[in-house]
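Participant: Please read through the structure below; I'll follow up with questions.
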């Protein structure tokens, strides 16, 4: 079971989390708990790591004092037993002391490296985990806490975005956690953090604590992974756009990964990778509404329902670039040049479309990168005969309709586009991968929400 | 002027029967090696429990001979001895291309070999081992760690002794699909079962004979309970069939329960009972006494080992040979060293 930042944001929440774990434990389940940092703490640490290099010692101390206060207050509310509370508070103070030394080090040296940044970032989880550990002991659950490193997660040395050495990790995790599970002890493990083969702290990047949970579950051959969060599960669309949006009861791994990529509030695709391969089902559940069964992500779920379109996502803050040039037609390598220029400028292409006949290729990138992209493309490609014109639109958005059953079902695109046409919405660009998991298209930003509503309605997602 | 030998540098960890044989083979085959393969490995360090002998330019053949004859403790050597220096220190501080790990087997936690091997990987050294312990417990992890650190990891002496069972399956049967493996992989138990069947003696008598002849250890658990065979099956499953299994996944039964009556009954059917290690079509590893026809090519007697690979196209292939012995196992180490050298050369020249 993994608990996200909001689930452990305050002492009351931590107490709730502990009760959920205790209930499962008392029902006889073998549980491993993975804990995120208190909501907001990782971002604070990220900022502080950057700030520390040009800050005074006093500023660093102000930050650490504030951090101590927040965690001590949480301990106060989460743990009733005086003795346990005292022990947890001591651990928190000691851990913050260590953090302070690291930050002061950065402050003196005036430099933060990827290695030291990961070290600083690891403190969020190192502070939250003892709180959950204490709250569990408070409820008479036998438990022991570990950092991801102590639990045996070994990664490469790609600091900030480390990937696990899965076989090495499996070996260590089984060696360390299985004996505890046999003795009916609940291991509580810090999410997000691991270590290299030499024991240097790394972080798992965007996969985060979910990744820790899925790595551990594969290593221990768990029956299920439960991701506890603050929503009921993965929804058909953003309820702010369509108030009648529903929680999706079941999804396949492929669908879930699609939705994660398109920004649905779900798991990062890299976190899903290990469990998808090992076919371990994942449940997304709501800490604040544990009665709700949430969303089940598992193999073979695509055929469980007949719905072709299961969800619609709206991706804002994107921009479209159009590259024109008659000389691009039939010229091998011409698209490669375009992609290469953007790749070298470290710009990720989210969507691409080029017609057979047209001397034109359209790309979608993050809007914040538009300036950089345009200048790179202009410098590298214009005036060399191949590309004659580069234009951009920054008032667009992407809409993605997803569902595994689209595959081989004729007429899905026609239904989508007819629905949009009825609302008078013009489509600027279209892309569909041959896996047929989604159809993505671009409309003007002002039409975005209306387009989502139109598709939601057309496929009757509100009554799923 | 350079006063030492030219060649691949080796750290030898463990100076028991196999370790001594490795130095002997390297010293003895000098002229052939250089002439035929252009291969001239030199041992720059030997580590035993008491400490180390280190010469960064390579220990001479005479020095190796002296060390072999004097034996324990080696670190008293007046020229190159370092009493108390640990294997981990040597791996960390002595420059070398390859670590040869031949310490005694431990199937509880694989130590100390496990630490030696991982330390070698982390310091960028290739590893040749004959030690089944760490492999049986963590072969998938060790293979991944070697790959991550960009070093080679070879262990052909762990299965079949000098008989190239692993290479045969991996290289000679390349392109074919190995569907199942079945083998007699432990000489001690095969000797005991052969004695029982042929001389009609009880398990206990056969075991004490084997112990007298030095075929069985004072504590015969590793062999008669099937642990040794299980270790080898794990290695075969991982290396040949790409199955990520470890010792605990093996369904294992030893030979203590085999009775003369059972052997007699099997004989009436033209069969006999052997301790068979197997990986079936589903990749399930098992070790248990099984009845096999006396006419089967697998049915070898005495301390011999045999393994049959069931392949999709080439049918059944059986390999027979001595499964243990110092020199035999050391020959496997030499093979592994040559293989690493060949791979390194093609990497450097490509």
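Protein chains in written order, with my numbering: chain A, 58 to 521; chain B, 177 to 526.
All C-beta atoms, glycine included, are put in the ideal place defined by N, C-alpha and C.
This one's a predicted model, so the numbers in the text were calculated from it and none came from an experiment.
#1: Give the DSSP-derived three-state secondary structure of residue 268 of chain A in the structure shown.
#2: Taking buried to mean at least 16 other C-beta atoms within 10 Å of its own C-beta, is residue 232 of chain B buried or exposed?
#3: Look at the alpha carbon of residue 373 of chain B and the alpha carbon of residue 229 of chain A, and state the distance between them as a whole number of angstroms.
#4: When DSSP builds the beta bridges, which residues end up paired with residue 447 of chain A?
#5: Helix, strand or coil: how does DSSP classify residue 119 of chain A here?
#6: If you drop the 5 nearest sequence neighbours on each side, which residues of the same chain put their C-beta closer than 8 Å to that of residue 88 of chain A?
#7: Start and end of the beta strand (DSSP E) containing residue 497 of chain B?
#8: For residue 420 of chain B, which residues in chain A fall below 9 Å Cβ to Cβ?
#9: Give the C-beta separation of residue 448 of chain B and residue 474 of chain B to the nearest angstrom, bearing in mind that I take them to be a contact with Cβ-Cβ under 8 Å.
#10: Please state whether DSSP places residue 404 of chain B in a helix, a strand or coil.
#11: How is the alpha helix (DSSP H) around residue 206 of chain A delimited, first residue to last?
#12: Does any CB atom of chain A fall closer than 8 Å to the CB of residue 328 of chain B?
#13: Any chance the segment 325–344 of chain B sits against the segment 426–440 of chain B, with 3 or more Cβ pairs inside 8 Å?
#14: Around the C-beta of residue 342 of chain A, are 16 or more other C-beta atoms found within 10 angstroms, so that it is buried, or is it exposed?
#15: Residue 352 of chain B and residue 490 of chain B look like a contact to me (Cβ under 8 Å); what is the Cβ gap, rounded to whole Å?
#16: Classify residue 321 of chain B as buried or exposed, calling it buried when 16 or more other Cβ atoms lie within 10 Å of its own Cβ.
#17: Alpha carbon to alpha carbon, how far is residue 363 of chain A from residue 170 of chain A? Give it in angstroms, no decimals.
#18: So which residues on chain B does residue 254 of chain A lean against when the C-beta distance must stay under 9 Å?
#19: So residue 467 of chain B is in the beta strand (DSSP E); what residue range does that whole segment cover?
#20: Please work out which residues of its chain come closer than 6 Å, Cβ to Cβ, to residue 302 of chain A, disregarding the five sequence neighbours upstream and downstream, and give them in chain order.
#21: With a threshold of 6 Å on Cβ separation, who are the neighbours of residue 263 of chain B within its own chain once the five nearest residues in sequence on each side are excluded?
#22: From residue 142 of chain A to residue 453 of chain B, what distance separates their C-alpha atoms?
#23: Under DSSP, the beta strand (DSSP E) around residue 258 of chain A begins and ends at which residues?
#24: Taking Cβ to Cβ, would you say residue 245 of chain A is nearer than 8 Å to residue 200 of chain A?
#25: With 16 as the cutoff for other CB atoms within 10 Å, does residue 324 of chain A come out buried or exposed?
#26: If we count the other Cβ atoms within 10 Å of its Cβ and call it buried at 16 or more, is residue 91 of chain A buried or exposed?
#27: Where residue 378 of chain A and residue 393 of chain A are concerned, what is the direct C-alpha to C-alpha distance, given to the nearest angstrom?
#28: Relative to the C-alpha of residue 426 of chain A, which residue among A:446, A:445 and A:400 is closest?
#29: Looking only at its chain, what residues have a beta carbon closer than 7 Å to the beta carbon of residue 220 of chain A, apart from the 5 residues adjacent to it on each side?
#30: Tell me the start and end of each unbroken beta strand (DSSP E) in the segment 224–248 of chain A that is at least 3 residues and wholly inside, in chain order.
#31: Can you list, in chain order, the residues of its chain with a C-beta nearer than 8 Å to that of residue 487 of chain B? Leave out the 5 residues immediately preceding and following it.
#32: Using a Cβ cut-off of 7 Å, pull out every chain A residue sitting near residue 461 of chain B, in sequence order please.
#33: Would you identify the three-state DSSP class for residue 145 of chain B, choosing helix, strand or coil?
#34: Indicate whether at least one CB of chain B lies closer than 8 Å to the CB of residue 213 of chain A.
#35: Terminal residues of the continuous alpha helix (DSSP H) containing residue 72 of chain A?
#36: Which full runs of the beta strand (DSSP E) of 3+ residues lie inside the segment 352–384 of chain B, going along the chain?
Facilitator: On the basis of the data shown:
#1: helix
#2: exposed
#3: 44 Å
#4: A:380
#5: helix
#6: 58, 78, 81, 82 and 243
#7: 492–498
#8: 224 and 227
#9: No, residue 448 of chain B and residue 474 of chain B are not in contact; Cβ-Cβ is about 11 Å, not under 8 Å.
#10: helix
#11: 205–208
#12: no
#13: no
#14: buried
#15: 5 Å
#16: buried
#17: 51 Å
#18: 294, 297, 298, 321, 324 and 325
#19: 461–469
#20: 292, 293, 294 and 296
#21: 189, 223 and 292
#22: 55 Å
#23: 258–260
#24: yes
#25: buried
#26: buried
#27: 16 Å
#28: A:400
#29: 212 and 213
#30: 243–247
#31: 349, 352, 353, 354, 355 and 493
#32: None at all; the shortest Cβ gap to chain A is about 17 Å.
#33: Here chain B has residues from 177 to 526 only, and residue 145 of chain B is not among them.
#34: yes
#35: 68–83
#36: 354–360
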